[in-house]
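As given, the protein sequences belong to chains A and B, one line each in that order.
Following my numbering, the numbering of the first sequence begins with 2 at its first residue and continues without gaps.
Following my numbering, the numbering of the second sequence begins with 4 at its first residue and continues without gaps.
The structure under discussion appears below in the form of structure tokens.
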Amino acid sequence: MQLIPCPWCGPREEAEFHYGGQAHVAYPEDPSALTDEEWAQYVFFRENPSGPFAERWSHSAGCRRWFNAVRDTRTHDLLAVYRAGEPMPEVTS
Amino acid sequence: MTSPAQPPGAHLPEHPDFLWDNPEPKASYDVVVVGGGGHGLATAYYLAKVHGITNVAVLEKGWLAGGNMARNTTIIRSNYLWDESSGIYEHSLKLWEGLEEDLGYPILFDQRGVLNLAHSLQDVRDSVRRVNANRLNGIDAEWVDPAGVKEICPIVNISPDVRYPVLGATYQPRAGIAKHDYVAWGYARAAHAMGVDLIQNCEVTGLETSGGRITAVQTSRGRIAAGKVALCAAGHSSVLAKMAGIRLPLASHPLQALVSELLEPVHPTVVMSNAVHVYVSQAHKGELVMGAGIDSYNGYGQRGSFHIIEQQMSAALELFPVFARAHLLRTWAGIVDVSPDASPIVGLTPVGGLYLNCGWGTGGFKATPGVGDCFAHTIAHDKPHPFNEPFTLERFTTGALVDEHGAAAVAH
């Protein structure tokens with residue numbers, strides 16, 4: 002089973018985690034000012050790269066904290082993990 | 004003897020040309036279809052057959068039908084909830100019913116029926132509603148109680164003393180399975196016979212536009228000018244569309260499936276369960292074919308995590324205790340492009356002459372003839388066919404979603 006290195010608990014089995022999709026998608030500061038197009042982009046459109054992807058994970062059967070990871074979607078290699086609120090680190094895939 | 008400098012297999016004879024040629028790409032085509040899977044081949048076939056457009060190339064980065072067309076669990080049905088979905092899936096099912104004759108090629112299409120199980124009161128309500136909706140749309144559907152499930156598929160465990168008891172099922176008798184690779188070969192042969200170029204080992208690396216219109220595709224085998232370009236790339240649709248500056252509301256996930264060793268016939272129909280995440284049929288040759296739910300994370304690696312298989316097996320064993328004696332033969336994964344409303348995106352794009360067919364998620368196989376026909380119409384007329392008109396990219400902005408999570412869920 003794939004091990005995911007929780008930045009709080011260390012490497013744990015994937016089955017302990019829940020996936021949260023793309024990271025760093027901020028809630029719009031003034032949602033009512035958005036056009037339909039901008040709102041659709043916020044609600045439905047996400048990056049879907051073949052390669053490194055910054056994404057959210059929750060250690061739901063462990064410390065129950067959310068964190069971010071950069072993972073290569075081609076190999077499933079976890080290139081970096083970092084705590085929520087921290088900037089995305091530079092990675093080389 | 005071959006020299007070591009030659010790639011593996013270089014000494015082998017060429018692909019037999021009585022099936023289809025392996026041509027060099029021409030400098031330009033009227034229509035370039037990107038993706039040589041079921042949808043791409045079917046699109047090329049209907050372009051040539053129905054619309055007389057034969058200066059067509061199908062570009063495939065690997066080999067024909069080596070992606071999801073070789074990896075699906077071959078289930079064909081049309082019992083979706085909404086009118087929009089009923090339209091395109093039932094159109095497809097009707098084409099399936101005449102496809103062997105149409106292609107002049109055996110595809111082992113077998114209308115053995117599909118049971119979609121209900122395991123909770125909410126499942127029951129949703130299922131009965133779906134049966135009623137199907138009937139209003141002229142689609143064969145009935146609600147069967149647990150005894151009825153047992154009658155149709157005697158090996159299903161209908162004991163009330165399990166974690167997810169079977170409370171009944173929807174049944175579509177006209178649903179069934181087909182041999183997926185025969186379907187691809189049938190389309191490939193027929194399209195080739197009408198003059199379509201099937202070009203393998205040809206990866207699209209760029210899309211050229213000029214004045215808001217598509218002009219050419221760049222490929223690993225050079226530049227190919229194109230009057231129109233049609234994307235049929237399933238899991239890689241986001242990557243391709245981005246080459247033309249188009250963002251899609253898709254997430255590409257691994258979807259796993261597996262087969263058992265060959266067994267004598269024990270399973271007469273197709274059984275699907277959204278609640279416990281498994282769907283099962285028995286191939287003509289005898290393997291039990293089982294599909295799982297998607298892996299939660301985005302992935303392009305055509306493999307998934309083992310705990311998904313374990314979960315799928317435990318669900319299968321509870322539903323079919325007899326499977327405890329079966330051995331797993333192999334597992335695999337495909338990359339499925341999942342859309343936010345579990346419905347496909349088929350139609351025009353902001354780029355002139357560029358057409359989109361994606362977002363079929365876990366359920367594209369059953370749509371192969373239907374979408375091939377409608378997508379070819381869309382390309383030929385630069386206007387959606389009525390059956391794919393609701394499935395625009397714009398619906399995510401307008402809010403006119405076609406929410407099929409209930410009928411599709413894990414188990415399209």
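Ideal Cβ positions, reconstructed from N, Cα and C, are used throughout, including at glycine.
Asked	Found
Are the CB atoms of L332(B) and E264(B) nearer to each other than 9 Å?	yes
Flag T77(B) as yes if its beta-carbon sits less than 9 Å from any beta-carbon of chain A, otherwise no.	no
Less than 9 Å separating the beta-carbons of A121(B) and L44(B)?	no
For the alpha helix (DSSP H) that R75(A) lies in, which residues bound it at each end?	No alpha helix (DSSP H) holds R75(A); DSSP gives it neither H nor E.
Terminal residues of the continuous beta strand (DSSP E) containing Q42(A)?	No beta strand (DSSP E) holds Q42(A); the alpha helix (DSSP H) holding it covers 37–45.
Residues of chain A with a CB under 7 Å from the CB of G302(B): which are they?	T74, H77
Would DSSP call H19(A) helix, strand or coil?	strand
Would you identify the three-state DSSP class for M4(B), choosing helix, strand or coil?	With a pLDDT of only 48 at M4(B), under the threshold of 50, the placement of this residue in the model should not be trusted; the figure read from the coordinates follows. Here M4(B) sits in coil by DSSP.
In the DSSP assignment, what are the bridge partners of G225(B)?	T222(B)
Determine the contact status of Q259(B) and G294(B), defining contact as a CB-CB distance below 9 Å.	yes
Give the C-beta separation of R115(B) and G179(B) to the nearest angstrom, bearing in mind that I take them to be a contact with Cβ-Cβ under 8 Å.	5 Å
Count the other CB atoms within 10 Å of the CB of N25(B); is the residue buried (16 or more) or exposed (fewer)?	exposed
Answer yes or no: do T76(B) and F368(B) have a C-beta to C-beta separation smaller than 9 Å?	yes
Which residues in the same chain have their Cβ closer than 6 Å to the Cβ of F323(B), if we skip the five residues on either side of it in sequence?	I158
Opposite Y32(B) in the DSSP bridges: which residues?	A229(B)
Would you grab the beta carbon distance between I56(B) and V34(B) for me? Rounded to a whole angstrom, and I think it's under 8 Å.	6 Å
How is Y83(B) classed by DSSP in three states: helix, strand or coil?	coil
Of all Cβ atoms in chain A, is any one closer than 9 Å to the Cβ of H380(B)?	no
In this structure, does DSSP put P257(B) in helix, strand or coil?	strand
Closer than 7 Å, Cβ to any Cβ of chain A: which residues of the region 63–90 of chain B, in chain order?	none
Using DSSP with H/G/I as helix, E/B as strand and the rest coil, what is S342(B)?	coil
Can you list the residues of chain A that L253(B) reaches, using a CB-CB cut of under 7 Å?	N49
Quick check: what's the CA-CA separation for T400(B) versus K386(B)?	20 Å
So with CB distances below 7 Å, who are the chain A contacts of S241(B)?	N49
Sort L50(B), S317(B), Y167(B) by Cα distance to H384(B) and report the nearest one.	L50(B)
At the level of alpha carbons, what is the spacing between A16(A) and R66(A)?	15 Å
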